[in-house]
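> Please see the structure below; I have some questions.
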Amino acid sequence: QLVYPHDFRLTEKEKTSICYLSFPDSYSGGLGDTQFSFRLRQAGGSRASPFQDDGRYNREAPLTLQREAAHYFGYVYFRQVKDSSMRRGYFQKSLVLVSRLPYVNLFQCLLQLIAPEYFDKLEPCLEAAHYPIPLSHYPIPLSHYPIPSLLPLQVRIPSRVDKPGSSPVRQCNQENLLPAPLVLPSVHELDLFRCFQPVLIHIQMLWELMLLGEPMVVMAPSPTVSSEMVLALTSCLAPLRYCCDFRPYFTIHDSEFKEYTTRTQAPEGSWGCSEGGHGRGWVTQVQSPKEGTEPEVSPCVPSPGTGDLPKQVKVKKLAKLKTLDTKPGIYTSYKTFLHKDKTLIKRLLKGIQRKRPSEVQSALLRRHLLELTQSFIIPL
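So the sequence shown is numbered by the working numbering: it starts at 6 and just counts up by one.
Quick look at the structure:
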């Protein structure tokens with residue numbers, strides 16, 4: 006319907022894919038607002054950016070936050086409400102922020118501020134939100150940026166000189182901004198504890214699968230859960246960058262659907278799909294590269310949900326995964342090398358009992374994953 010700024014060029018193939026990916030499969034009956042993200046390959050491979058970029062950003066940014074050369078991230082704010090004036094009886098619209106940067110927290114926060122206004126005022130709202138933001142160049146790591154769109158927001162862009170595991174945030178002098186800016190603690194870090202809560206006792210195995218680049222499919226009840234889970238999985242290897250392909254949200258309407266469901270070897274990586282009528286054929290093909298045989302790779306299907314730590318899903322045999330109606334669990338033929346860390350589980354359990362904030366629980370989990378990765382790197 007609208008692309009803003011108007012000089013931002015997308016191919017027709019990219020526009021079509023973005024339109025399909027920005028409307029959730031499983032939300033035929035869901036009402037209200039939802040946010041999720043997807044990753045899209047640029048048609049024709051990498052091409053020049055409309056923004057000035059002398060390479061400084063990638064030289065100074067951490068590996069995990071490198072600018073994508075041949076992919077776009079799409080950050081979606083979708084609204085569906087009943088409206089008798091509409092032909093289908095519902096108002097359905099998505100606002101999608103397209104970027105080459107993996108700043109999921111920052112862009113989802115911006116959408117929370119902009120999207121509700123956009124649904125009422127349309128393009129004038131985008132003009133008002135876009136004008137004050139200094140987007141003529143790529144952000145410089147180790148810098149603070151005030152973003153005075155609708156509500157003042159202050160962020161800090163991480164740098165590769167930052168100490169791993171630290172996320173320093175300090176208030177910079179912004180005397181002219183009233184009210185005082187909202188300081189976003191991180192532009193990219195997810196709530197790992199919330200994402201991994203149903204599978205915490207298997208966190209070492211998931212880390213191994215990501216390290217080895219094993220194909221993985223996430224089946225979840227909504228695009229929000231699937232996209233957050235996939236992004237959480239790809240962040241497990243920090244400070245290393247996950248170099249396989251990954252799709253936080255994926256449907257049969259994706260222009261690359263046939264490529265990933267071929268009977269030959271599919272690309273390595275992780276994908277997320279919501280539990281709707283669009284997942285069955287694709288999931289089956291990924292798990293069975295050759296019809297009638299067991300796959301040579303070890304696909305794993307975490308089915309995340311909500312609940313406290315004691316409600317943990319079980320590891321089950323891959324052969325038991327037959328339909329999307331299968332009970333939640335981790336279905337894999339992979340045999341892990343690492344043992345479960347009972348000390349970590351006890352600390353997280355104690356945190357739940359003491360009602361420790363989720364941010365603190367996530368910090369403990371992130372530190373544990375960082376130590377796993379560093380123990381792998383040090384001998385190299």
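Even for Gly, the Cβ is constructed at its ideal location relative to N, Cα and C.
Under the three-state reduction of DSSP, which class applies to Arg252: helix, strand or coil?
Here Arg252 sits in strand by DSSP.
> Just the C-alpha distance for Gln202 and Leu216, rounded to the nearest angstrom, thanks.
Approximately 20 Å between the Cα atoms of the pair.
> Counting beta carbon pairs with one atom in the stretch 36-46 and one in the stretch 78-85, are three or more of them shorter than 8 Å?
With the cut-off at 8 Å, the stretch 78-85 and the stretch 36-46 touch.
> Among the candidates Leu7, Cys248 and His344, whose CA atom is the shortest distance from the CA of Leu70?
Of the listed residues, the one whose Cα sits closest to Leu70 is Cys248.
> Excluding the 5 residues flanking Leu68 on each side, which residues of the same chain have their C-beta closer than 8 Å to its C-beta?
Excluding positions up to five away in sequence, the list reads Arg165, Pro244, Leu245 and Arg246.
> I need the straight-line Cα distance from Glu261 to Lys321, nearest angstrom please.
Roughly 30 Å between the two C-alpha positions.
> Going by the C-beta, is Lys168 closer than 8 Å to any heavy atom of the ligand MG?
With respect to small molecules bound, the structure shown includes none, and the ligand MG cannot be examined in it.
> Run the CB neighbour count on Lys295, radius 10 Å, all protein chains shown included, and call it buried at 16 or more, exposed below.
Here Lys295 scores only 34 on pLDDT, less than 50, and its place in the model is too uncertain to base an answer on.
> Please confirm whether Phe112 and Ser104 have their CB atoms less than 9 Å apart.
Cβ atoms of Phe112 and Ser104: closer than 9 Å.
> Whole alpha helix (DSSP H) runs in the stretch 322-375 with 4 or more residues, listed along the chain?
Here the runs fully enclosed are 347-358.
> Evaluate Asp30 with the Cβ neighbour count: other Cβ atoms within 10 Å of its Cβ, from every protein chain shown; 16 or more gives buried, anything less gives exposed.
Classification of Asp30: buried, given that the 10 Å Cβ count is 16 or more.
> So what does Thr39 bridge to, in DSSP terms?
BP columns for Thr39 point to Phe83.
> What does a CB cutoff of less than 7 Å around Leu242 pick up in its chain, not counting 5 residues either side in sequence?
Excluding positions up to five away in sequence, the list reads Met215, Leu216 and Thr378.
> With DSSP as the reference, please indicate the residues paired to Leu45 in a beta bridge.
Its beta-bridge partners are Tyr77.
> Can you say whether Gly334 is buried or exposed, counting buried as having 16 or more other CB atoms within 10 angstroms of its CB?
The residue is buried, with at least 16 neighbouring Cβ atoms inside 10 Å.
> Taking its Cβ as the centre, do 16 or more other Cβ atoms sit within 10 Å of His11, making it buried, or is it exposed?
It counts as exposed.
> Between the C-alpha atoms of Tyr254 and Cys24, what's the straight-line distance to the nearest angstrom?
Rounded to the nearest angstrom, the two C-alpha atoms are 13 Å apart.
> Determine, using beta-carbon pairs with one atom in the stretch 336-356 and one in the stretch 366-385, whether at least three such pairs fall under 8 Å.
Yes, the stretch 336-356 is in contact with the stretch 366-385.
> Tell me where the beta strand (DSSP E) around Tyr95 begins and ends.
First-last of the beta strand (DSSP E) with Tyr95: Tyr95 to Ser104.
> What is the DSSP secondary structure of Glu299, reduced to helix, strand or coil?
Below a pLDDT of 50, predicted positions are generally treated as unreliable, and Glu299, at 32, falls in that range; no measurement from the model is reported.
> Would you kindly work out how many angstroms separate the C-alpha atoms of Asp346 and Lys87, rounded to a whole number?
The straight-line gap from Cα to Cα measures roughly 48 Å.
> Let me know the secondary structure DSSP gives Pro121 once reduced to three states.
Three-state DSSP puts Pro121 in a helix.
> Which residues does DSSP pair with Leu236 in a beta bridge?
Answer is none; Leu236 lacks a bridge partner.
> Could you tell me which of Val318, Arg359 and Leu238 sits nearest to Leu375, measuring between CA atoms?
Selected option, being the one with the closest Cα: Leu238.
> So, at 8 Å on beta carbons, what are the nonlocal neighbours of Phe342 in its own chain, with the 5 sequence-adjacent residues on each side left out?
Here the set comprises Glu213.
> Do Glu194 and Ser240 have their CB atoms nearer than 9 Å?
Yes, they are a contact pair.
> Mind checking Arg359: buried by the 16 CB within 10 Å criterion, or exposed?
By the neighbour-count rule (16 or more Cβ atoms within 10 Å), Arg359 is not buried but exposed.
> Looking at Val192: is its Cβ nearer than 9 Å to the Cβ of Tyr95?
Cβ atoms of Val192 and Tyr95: not closer than 9 Å.
> Helix, strand or coil: how does DSSP classify Gln6 here?
Three-state DSSP puts Gln6 in coil, outside helix and strand.
> Could you compute how far the alpha carbon of Pro228 sits from the alpha carbon of Asp196?
Taking the straight line from one Cα to the other gives about 16 Å.
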